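Q:
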Amino acid sequence: MLESYIRTNKENANQLDLDDADFVIVHDPQPAALINHFPNRKGKWIWRCHIDLSTPDPKVWEFLKTHVSKYDAAVFHIEQFTKIDLPIKQFVIPPSIDPLSEKNRDLTNAEIESVLKSFDIDTEKPIISQIGRFDSLKDPQGVLKVHQHLRNHKFFSEIYHLLKNGLKTDVIQSRKTEIDCQLILAGGLPHDDPEGLQVCKDLQKKIGKNRDAHILC
1 MLESYIRTNK ENANQLDLDD ADFVIVHDPQ PAALINHFPN RKGKWIWRCH
51 IDLSTPDPKV WEFLKTHVSK YDAAVFHIEQ FTKIDLPIKQ FVIPPSIDPL
101 SEKNRDLTNA EIESVLKSFD IDTEKPIISQ IGRFDSLKDP QGVLKVHQHL
151 RNHKFFSEIY HLLKNGLKTD VIQSRKTEID CQLILAGGLP HDDPEGLQVC
201 KDLQKKIGKN RDAHILC
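Its first residue numbered 1, the sequence shown is counted upward by one per residue in the UniProt record's numbering.
See the structure below:
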């Protein structure tokens, strides 16, 4: 696997011309070894890590560190992800979105209704949704279970009786029957995540012929 990693980074580097770039920002572990193939680089190279490195596999981190240590700086989401043994400048920049990008603009009611109907989604029923890449770490199977529980009369009855003499929420107090709702799991299948397709297939298999559960990708 490590040979494949090194080989792929070399192949990608051969298609890039980065020696004269003022800044190069490389995201996540997959392309981190690119820096090895630009010994004549003139600008600053920054490694941007989007994953949790607080408890990495020691062998994997030691391998990755040999490449990341060559960068001018590294950027992490939170302080806990920074690494004491990484001998370069480290910065913390929390995740954020661009409120002005096309995908974050407000949608009209007509647009929303049109999209929902195009996927045969009932606009009158409540919706539970998870939006994001199909990744087991995001636990889409757990979201599917929540949907199944909400539609399960027995589940609500058991929870109600379990909590009736203790802490109650408005939902538990008011619901002793199932909630007729829909599930939407929407996301993409990124090229850097070969397991995403299998996650999607497993979800489709679990959903089966349930017309109130939708996978959009």
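Using N, Cα and C, we set each Cβ at its ideal position, and we do this for glycine too. Quick caveat: nothing in here was measured; it's all calculated off a predicted structure.
1) If I'm right that L216 touches F76 with Cβ under 8 angstroms, what's the distance once you round it to whole angstroms?
2) With burial defined as no fewer than 16 other Cβ atoms inside 10 Å of the residue's Cβ, what is the status of F134: buried or exposed?
3) Which of helix, strand or coil does DSSP assign to F63?
4) For the putative contact between H50 and H67, defined by C-beta atoms under 8 angstroms, what is the C-beta separation to the nearest angstrom?
5) What residue range does the beta strand (DSSP E) around S136 cover?
6) If I follow the unbroken alpha helix (DSSP H) through K201, where does it start and stop?
7) Tell me which same chain residues have a C-beta within less than 8 angstroms of the C-beta of Q90, skipping the five on either side of it?
8) How many whole angstroms separate the CB atoms of H149 and L183, which I take to be in contact at a CB cut-off of 8 angstroms?
9) Short check: CB of I121 to CB of A186, under 8 angstroms?
10) Give me whichever residues DSSP pairs with I128 in a beta bridge.
A: The structure says:
1) Here residue 216 corresponds to residue number 216 of the sequence shown, with the count starting at 1. Here residue 76 corresponds to residue number 76 of the sequence shown, with the count starting at 1. L216 to F76, Cβ: 31 angstroms. No contact.
2) Residue mapping note: residue 134 aligns to position 134 of the sequence shown, counting from 1. With at least 16 other beta carbons inside 10 angstroms of its own, F134 counts as buried.
3) Stepping through the sequence shown from its first residue, residue 63 is reached at position 63. Helix.
4) As a working mapping, residue 50 is identified with position 50 in the sequence shown. As a working mapping, residue 67 is identified with position 67 in the sequence shown. Between the beta-carbon of H50 and that of H67 there is about 16 angstroms, and that puts the pair past the 8 angstroms contact cut.
5) Within the sequence shown, residue 136 is the residue found at index 136, counting from 1. Neither: S136 is in no beta strand (DSSP E) and is coded neither H nor E.
6) Taking the first residue of the sequence shown as 1, we reach residue 201 at position 201. G196 to I207 is the span of the alpha helix (DSSP H), which, as asked, contains K201.
7) In the sequence shown, the residue the question calls residue 90 occupies position 90. Excluding five sequence positions before and after Q90, the CB atoms of its chain that fall closer than 8 angstroms to its own CB belong to A73, A74, V75, F76, T82 and K83, given in chain order.
8) Reading the sequence shown from its first residue, position 149 is the one you call residue 149. Reading the sequence shown from its first residue, position 183 is the one you call residue 183. Taking a contact as a CB-CB distance under 8 angstroms, the pair H149 and L183 does not count as one, their CB atoms being some 11 angstroms apart.
9) Here the question's residue 121 lines up with position 121 in the sequence shown. Here the question's residue 186 lines up with position 186 in the sequence shown. The criterion of a C-beta distance shorter than 8 angstroms is not satisfied by I121 and A186.
10) The sequence position of residue 128 within the sequence shown is 128, counting from 1. In DSSP, I128 forms a bridge with L183.
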